[in-house]
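Taking it in order: structure first as structure tokens, then the write-up.
Protein chains: 2
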Amino acid sequence: MSSSISHADILAQTNRPSLRSWVQSANVEGSDFPIQNLPFGVFSDSTASARVGVAIGDWILDLAALERARLITVPYSLVDEDGNPRSVFRQGRLNDFVSLGQSVWSSLRLQLSALLSSDNAQLRDDAQLRERALVRQSEATMHLPFDIPGYTDFYSSREHATNVGSMFRDPKNALMPNWLEIPIGYNGRASSVVVSGTPVRRPNGQRKTPESDRPTYGPSRRLDIELETGFFVGVGSKLGTPVAAAAGDSHIFGMVLLNDWSARDIQQWEYQPLGPFNSKGFATTISPWVVTMDALTPFRVEQPCQDPRPLAYLRGAQNGGVDLELEVELRPRFAPSGKTIARTNFKYMYWSMAQQLAHHTSSGCDVRVGDLMGSGTISGPTNSDGDGTGTFGSLLELTWNGQSPIKFANGEVRSFLEDGDEIVLRGWCQGDGYKVGFGPCAGVITPALELGSSEDDQ
Amino acid sequence: MSSSISHADILAQTNRPSLRSWVQSANVEGSDFPIQNLPFGVFSDSTASARVGVAIGDWILDLAALERARLITVPYSLVDEDGNPRSVFRQGRLNDFVSLGQSVWSSLRLQLSALLSSDNAQLRDDAQLRERALVRQSEATMHLPFDIPGYTDFYSSREHATNVGSMFRDPKNALMPNWLEIPIGYNGRASSVVVSGTPVRRPNGQRKTPESDRPTYGPSRRLDIELETGFFVGVGSKLGTPVAAAAGDSHIFGMVLLNDWSARDIQQWEYQPLGPFNSKGFATTISPWVVTMDALTPFRVEQPCQDPRPLAYLRGAQNGGVDLELEVELRPRFAPSGKTIARTNFKYMYWSMAQQLAHHTSSGCDVRVGDLMGSGTISGPTNSDGDGTGTFGSLLELTWNGQSPIKFANGEVRSFLEDGDEIVLRGWCQGDGYKVGFGPCAGVITPALELGSSEDDQ
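Residue numbers (numbering that gives the first Met the number 0), protein chains in the order written: chain P, 0 to 457; chain D, 0 to 457.
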């Protein structure tokens with residue numbers, strides 16, 4: 000282990016814009032996965048079951064294979080019942096590796112950066128080992144990166160909260176009184192978090208129109224997306240002991256893209272007084288590659304000015320923002336191609352990840368390795384920029400509650416999602432000659448489960 | 000395995016009121032744990048780490064020890080990396096055992112009932128084996144019974160929802176319009192579920208009085224309890240596939256008592272629009288013994304009449320109620336003894352557990368083995384019954400938002416909890432000559448974490 004080198008030195012070494020890899024596809028302009036990125040994920044292929052890998056260009060570096068070949072080492076933390084060490088990479092989840100702690104994540108990333116560098120022959124010139132250790136992404140199946148013990152979703156975009164408040168409450172008092180004081184969040188449903196590519200079944204649920212006396216149960220007619228990012232907790236906290244805002248970032252392993260699918264009609268009827276439940280619990284899609292905070296370090300920026308000044312327990316973090324460009328593509332079922340319906344940036348977020356974590360734990364609530372925290376819908380300051388692409392992160396906002404449907408080249412229009420529509424989120428940080436990308440976060444809507452005859456008499 | 004005997008026959012055999020055990024303390028009137036109960040839990044003692052046991056009288060039957068002695072058998076489901084079977088009882092959680100399925104739970108309970116019967120000499124007359132297999136409850140430490148992948152809390156008492164609506168909204172329209180249609184629920188925080196006996200630290204959080212311009216961060220001044228039960232999912236469901244209400248009970252392993260500690264001042268300020276978060280996420284206490292649905296079968300009753308008739312997906316379950324008596328004792332820090340402040344019954348609940356599960360999964364959301372579902376605060380129809388004991392399940396209701404504080408014999412009064420106060424929930428089903436009890440669900444309030452000087456300038 001490279002314990003003699005400081006974290007700052009590791010970052011300086013691994014994030015150098017001039018670094019290039021002998022994996023040629025990693026050097027192609029526009030690749031999400033250059034050698035400066037090295038995001039972690041869990042994959043399987045026809046040769047072996049789920050294990051830990053790192054994306055490089057069009058390939059996956061198999062960490063279990065590298066470990067067997069003794070090209071990388073990490074301290075053992077897992078033992079079986081007989082006391083023998085168990086590999087943290089031969090697991091279908093990152094939890095065991097990430098539990099080893101921040102210095103292990105960083106020093107492993109340094110080892111991988113060195114192994115993949117153009118000038119390092121160790122793996123580059125060993126054809127047999129390359130064959131075992133590199134898997135084409137196109138031939139692999141990605142899995143959820145973590146066993147997710149808890150999923151919390153925040154609501155930290157001021158523009159999004161203002162838009163929703165304007166539509167459903169009072170445009171003059173669109174923000175709730177608590178919004179500028181609290182990084183508002185709620186507990187989401189962890190069981191239904193799925194990895195990019197998993198089809199999303201349109202939910203059935205209770206909807207009630209103002210005209211009808213009673214609700215009916217059936218397919219959501221106002222199925223929406225929410226463009227979000229999520230972060231994974233890499234260092235847990237103890238019950239009863241808050242995480243200080245200034246220490247928040249040190250608890251975060253990395254980030255993903257997150258689509259918080261939302262059934263607006265179900266939400267509207269169910270959400271008082273305890274918040275959204277079935278309207279969001281049917282599926283949440285995340286991108287498979289966890290981009291480490293180490294790789295994102297060069298892109299940290301000041302978050303927007305906070306007025307009023309937050310209470311003391313929410314202060315103390317520096318560079319809470321990330322200059323992370325985001326796009327939403329909608330591919331209607333019958334359209335020959337998709338269309339970018341939103342472009343925005345994570346840097347607009349009012350509350351930072353460190354503040355979210357400080358608030359979450361401020362009551363003494365504990366967090367655990369693998370906990371997923373959603374940012375809340377990320378909306379920028381303006382809607383359509385002229386070519387029909389807005390900066391808002393939901394169809395609800397982009398179509399202003401369906402009043403201004405989105406038009407597609409083949410004549411189709413969308414206020415909300417129809418069966419067969421596909422949504423693809425993309426995100427990247429633009430570096431000097433390279434970008435640190437997230438890969439797609441995609442999902443296709445499949446038709447709602449048909450209701451049996453017993454469910455018709457409503 | 001006793002696969003040749005039907006579930007109904009097993010229930011008839013194991014729930015006979017006349018059954019007696021050679022464990023004498025199980026036959027004492029008032030014991031929570033007669034041979035008709037046999038609840039499952041996880042315990043440790045000075046001799047070994049956490050493992051699965053069953054409560055009988057004042058003792059715990061160590062199932063790992065029974066299995067080693069080959070007195071009980073279950074099908075193997077766990078294997079280690081070398082393909083060898085791993086005991087589901089030598090685990091610090093019930094998840095692995097419970098994942099074996101309902102027929103295994105029931106047939107094991109039948110084996111245990113037989114082993115513990117007065118007329119069965121196999122364990123009774125084997126002093127060495129008894130020494131290994133029976134552990135005094137007073138010498139054991141109880142642990143959380145399950146690894147809890149998800150915790151959902153419902154809001155299913157009509158009386159409670161009416162009381163809260165009367166206090167904080169409009170007494171004439173106390174119930175929200177959706178309440179009679181939806182078993183309202185929200186996602187709780189699983190990480191902070193703790194087992195009975197764990198001290199509960201008073202949370203710090205944001206509170207705001209109507210008079211002040213801004214909130215402050217500090218100790219909750221309105222710390223409350225919520226008397227609830229919880230059930231554990233024993234058979235999961237697949238994402239996209241709802242559980243029918245008629246099949247709901249077959250997915251439930253058993254029940255516990257649950258105290259949903261609530262900081263009312265934090266809740267009041269934070270809960271709009273996404274529901275309670277920090278006000279409830281700091282701790283939720285459950286009783287350690289999971290009373291099986293098999294043991295509760297003789298006590299199932301019709302739930303209250305539902306008008307309007309629920310939508311079809313919420314219909315079809317029989318005997319949704321449980322005649323389960325409940326008590327709350329408050330022991331003020333300086334009082335020589337506690338006082339029963341509430342007596343009520345689970346049978347008052349408007350929405351049944353099967354309906355909660357049907358609603359939870361009606362969107363396609365999946366549930367997993369070990370998921371915990373809270374009932375919501377259980378309030379009966381009336382407040383004080385003359386001796387100062389009400390049927391309401393929270394201090395908020397019992398003191399009507401602090402307007403009628405509870406008086407104690409030593410002169411102390413309580414509107415909400417003070418540091419050092421202890422709350423003990425108790426619950427039992429009264430059988431003919433025996434009761435199926437839950438054991439206590441207790442927690443003492445400890446002082447809030449002191450804030451550093453940097454947090455004073457608010």
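Every residue, glycine too, gets a C-beta built ideally from N, C-alpha and C.
Burial is judged here by how many other beta carbons sit within 10 angstroms of a residue's own beta carbon; residue 302 (chain D) has at least 16 and is buried. Per DSSP, residue 327 (chain P) is one residue of the beta strand (DSSP E) stretching across 324–330. C-alpha of residue 269 (chain D) to C-alpha of residue 52 (chain P): approximately 40 Å in a straight line. Taking each of P:24, P:440, P:27 and P:42 in turn and checking the Cα distance to residue 254 (chain P), the smallest one comes out for P:440. Bridge partners of residue 142 (chain P) according to DSSP: P:41. When only Cα atoms are considered, residue 50 (chain P) and residue 442 (chain P) end up about 23 Å apart. Assigned with DSSP and collapsed to three states, residue 78 (chain P) falls in strand.
If you check each beta-carbon in the region 36–48 of chain D against every beta-carbon of chain P, none falls closer than 7 Å. The straight-line gap separating the alpha-carbon atoms of residue 235 (chain D) and residue 146 (chain D) is approximately 14 Å. For residue 58 (chain P), the enclosing beta strand (DSSP E) covers residues 58–61. DSSP places residue 296 (chain P) in the helix class (H, G or I) of the three-state scheme.
Closest in C-alpha terms to residue 56 (chain P), from the list P:223, P:451 and P:437, comes P:437. Listed in chain order, the beta strand (DSSP E) runs fully inside the region 316–370 of chain D are 324–330 and 338–344, counting runs of at least 3 residues. A distance below 6 Å between beta-carbons, with the five flanking residues on each side excluded, links residue 245 (chain P) to the following residues of its chain, in chain order: 315 and 316. The beta carbon of residue 155 (chain D) sits closer than 7 Å to the beta carbons of 182, 348, 349, 350, 355, 374 and 375 from its chain, once the five residues preceding and following it are set aside; these are given in chain order. With a threshold of 7 Å between beta carbons, residue 180 (chain P) makes contact with chain D.
For residue 282 (chain D), the three-state secondary structure derived from DSSP is coil. DSSP places residue 396 (chain D) in the uninterrupted alpha helix (DSSP H) bounded by 394–397. Among the CB atoms of chain D, one or more fall inside 7 Å of the CB of residue 269 (chain P).
The distance from the Cβ of residue 42 (chain P) to that of residue 140 (chain P) is about 6 Å, consistent with a contact at the 8 Å cut-off. One finds 190 and 191 in chain P with Cβ atoms closer than 8 Å to the Cβ of residue 365 (chain D), taken in chain order. For residue 221 (chain P), the nearest beta carbon of chain D is not closer than 7 Å to its own beta carbon. Unbroken alpha helix (DSSP H) stretches of 4 residues or longer found wholly inside the region 372–452 of chain D: 394–397, given in chain order.
Any Cβ of chain D closer than 7 Å to the Cβ of residue 3 (chain P) would place that residue at the interface, and such an atom is absent. Inter-residue distance for residue 94 (chain D) and residue 368 (chain D) is about 6 Å (C-alpha atoms, whole angstroms).
Between the beta-carbon of residue 329 (chain P) and that of residue 413 (chain P) there is about 7 Å, and that keeps the pair under the 8 Å contact cut.
Interface criterion met: the Cβ of residue 175 (chain P) is under 7 Å from a Cβ in chain D. Residue P:58 holds the alpha-carbon nearest to the alpha-carbon of residue 44 (chain P) among P:281, P:58 and P:252. For residue 416 (chain D), the CB contacts under 6 Å within the same chain, skipping 5 residues up- and downstream, are 222 and 444 in chain order. Shortest Cα-Cα distance from residue 36 (chain P) to any of P:340, P:433, P:449 and P:451 involves P:433. Boundaries of the beta strand (DSSP E) around residue 48 (chain P): 47–55. Chain D has no Cβ within less than 7 Å of the Cβ of residue 422 (chain P). Comparing C-alpha distances from residue 152 (chain P) to each of P:116, P:225 and P:167 shows the shortest one belongs to P:225. For residue 12 (chain P) and residue 109 (chain P), the gap between their C-alpha atoms comes out near 8 Å. Residues of chain D with a Cβ closer than 9 Å to the Cβ of residue 213 (chain P) are, in chain order, 180, 307 and 310. Against chain D, the beta carbon of residue 277 (chain P) has neighbours under 8 Å at 358, 359, 361, 362 and 364, listed in chain order.
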